[in-house]
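Below is one structure; the comments refer to it alone.
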């Protein structure tokens with residue numbers, strides 16, 4: 001049965017249009033032992049996870065990154081929280097840890113004032129309001145023990161499990177990702193790494209947080225979002241609507257508490273039946289092939305747009321000198337002139353160096 005899926009990842013071109021997490025999920029499915037019942041149940045679990053990831057990838061491809069980012073920070077602010085940028089946020093968290101890692105209990109006002117004063121040399125524009133919003137983010141994540149006091153401000157103490165940066169940061173990141181999910185925002189691990197850390201080195205940890213926050217209902221919710229983005233996209237993505245039935249079929253694979261899986265359909269079929277396994281793999285093949293074809297077409301469109309822009313660049317070729325060598329033949333190359341050559345490759349160089357009193361830049365074409 002793995003033959004249904006293997007051709008999809010054997011081609012290097014396919015691998016270039018699928019993310020590494022997606023390829024790992026595919027291999028997880030292929031490496032399942034289909035001979036025994038336990039292996040087939042594991043395969044069904046992997047198939048469901050792969051189907052959900054494919055659905056989410058379609059959603060991500062239809063989103064506007066700039067609008068998505070704006071909506072995310074708007075959702076964070078609406079909850080009285082704030083993200084100050086990767087570098088400043090990290091510094092604020094480390095200063096909060098510095099103040100409370102020994103088990104000290106401080107009022108919110110004192111904690112915020114301490115952080116602002118420590119930040120001042122490096123971030124003079126840091127305000128008590130903005131730092132207070134970061135503290136609120138940790139409060140929402142239940143990182144503090146709160147001691148109520150009569151007629152006085154409550155004291156905040158970091159819970160013991162969050163008195164190191166790694167754990168505190170993980171809970172901080174988890175809270176922001178949870179806010180995004182509550183707001184119906186789908187953001188890839190790569191995007192999360194870039195947004196929260198300013199690099200792409202934290203993709204794996206971001207994926208881990210996303211997986212932990214996912215629920216059995218997440219797949220069904222993703223399908224509804226998928227249909228919504230298709231409607232917004234119009235005719236350009238209308239052909240993808242047929243994937244709804246395959247996504248819904250995969251989403252019905254349910255993971256029971258007794259480590260067995262059942263699929264909720266009219267006949268309540270046993271998940272270890274071979275016909276069911278084959279149907280699941282066929283659905284996976286359909287949605288994966290559609291995603292691959294969609295990604296390849298998107299890459300081609302982007303390439304053509306760039307090529308079109310490149311060939312419409314204007315060059316002033318008046319008074320140019322052409323030199324050509326026909327002593328040897330070179331592969332066909334596209335020149336900046338918009339044509340192609342089977343004997344030489346043309347390179348443009350200015351005749352006049354920068355800063356000269358020329359109204360127009362002239363070019364001399366050299367052949368290599």
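Numbering (my numbering), first residue to last: 1 to 368.
Virtual Cβ for every residue (Gly too), placed ideally from N, Cα, C.
Quantities reported herein were computed from a predicted structural model and do not represent experimental measurements.
Cβ neighbours of residue i in the same chain (closer than 8 angstroms, five flanking residues each side left out)
i           : result
residue 279 : 249
residue 244 : 223, 226 and 227
residue 154 : 107, 108, 146, 147 and 148
residue 19  : 57, 188 and 190
residue 128 : 112, 113 and 116
residue 264 : Bear in mind that a pLDDT of 46 at residue 264, under 50, signals an unreliable position, so the number given afterwards is only what the model happens to contain. Here the set comprises 252 and 254.
residue 21  : 53, 189, 203 and 207
residue 42  : 32 and 33
residue 63  : 186 and 229
residue 233 : 62
residue 201 : 193
Boundaries (first-last residue) of the beta strand (DSSP E) holding residue i
i           : result
residue 144 : 144-149
N-terminal and C-terminal residue of the alpha helix (DSSP H) that residue i is part of
i           : result
residue 91  : 86-100
residue 30  : 20-30
residue 189 : 189-197
residue 217 : Unbroken run through residue 217: none, as it is neither H nor E.
residue 234 : Residue 234 -> no alpha helix (DSSP H), and no H or E assigned at all.
residue 202 : Where residue 202 is concerned, there is no enclosing alpha helix (DSSP H), given that its DSSP letter is neither H nor E.
residue 170 : 165-182
residue 374 : In the structure as shown, the chain begins at 1 and stops at 368. Residue 374 is therefore absent and cannot be evaluated.
residue 122 : Residue 122 -> no alpha helix (DSSP H), and no H or E assigned at all.
residue 140 : 128-140
Other residues of its chain near residue i: CB distance less than 6 angstroms, five sequence neighbours each side excluded
i           : result
residue 58  : 226
residue 157 : 105 and 145
residue 219 : 52 and 251
residue 283 : 246, 249 and 250
residue 101 : 163
residue 119 : 126
residue 237 : 230
residue 122 : none
residue 205 : none
Expected contact under 8 angstroms - CB spacing of residue i and residue j to nearest Å
i           : j           : result
residue 175 : residue 189 : Not a contact, Cβ separation roughly 17 angstroms.
residue 213 : residue 178 : 6 angstroms
residue 216 : residue 173 : Actually they do not touch by this definition, with Cβ atoms about 23 angstroms apart.
residue 65  : residue 196 : Their Cβ separation, rounded to whole angstroms, is 15 angstroms, which puts residue 65 and residue 196 out of contact at 8 angstroms.
residue 288 : residue 186 : About 19 angstroms separates the two Cβ atoms, so there is no contact after all.
residue 82  : residue 130 : 6 angstroms
residue 286 : residue 40  : Going by Cβ atoms, the distance from residue 286 to residue 40 rounds to 20 angstroms, so no, they are not a contact pair.
residue 97  : residue 180 : Contact doesn't hold; Cβ gap of about 24 angstroms is too wide.
residue 75  : residue 183 : 4 angstroms
Counterpart residues of residue i in DSSP-defined beta bridges
i           : result
residue 157 : 105 and 145
residue 152 : 149
residue 59  : Bridge partners of residue 59: none, in fact.
Neighbourhood of residue i by C-beta distance below 7 angstroms, restricted to the same chain and skipping five residues each side
i           : result
residue 290 : 240 and 243
residue 17  : 292, 295, 296 and 299
residue 171 : 141, 143 and 162
residue 203 : 189, 190 and 193
residue 150 : none
Proximity test, Cβ basis, 7 angstroms: residue i and chain D
i           : result
residue 176 : Absence of chain D from the displayed structure is noted, only one protein chain being present.
Are the segment 130-137 and the segment 82-96 touching, with three or more C-beta to C-beta distances below 8 angstroms?
Yes, the segment 130-137 is in contact with the segment 82-96.
Contact between the segment 161-181 and the segment 75-91 is defined here as three or more beta-carbon pairs at a separation below 8 angstroms; is this criterion met?
In this structure the segment 161-181 lies against the segment 75-91, because at least three pairs of beta carbons, one per stretch, are closer than 8 angstroms.
Any contact of the segment 40-50 with the segment 14-28, i.e. 3+ C-beta pairs under 8 angstroms?
Taking 8 angstroms as the limit for Cβ pairs, the verdict is that the segment 14-28 does touch the segment 40-50.
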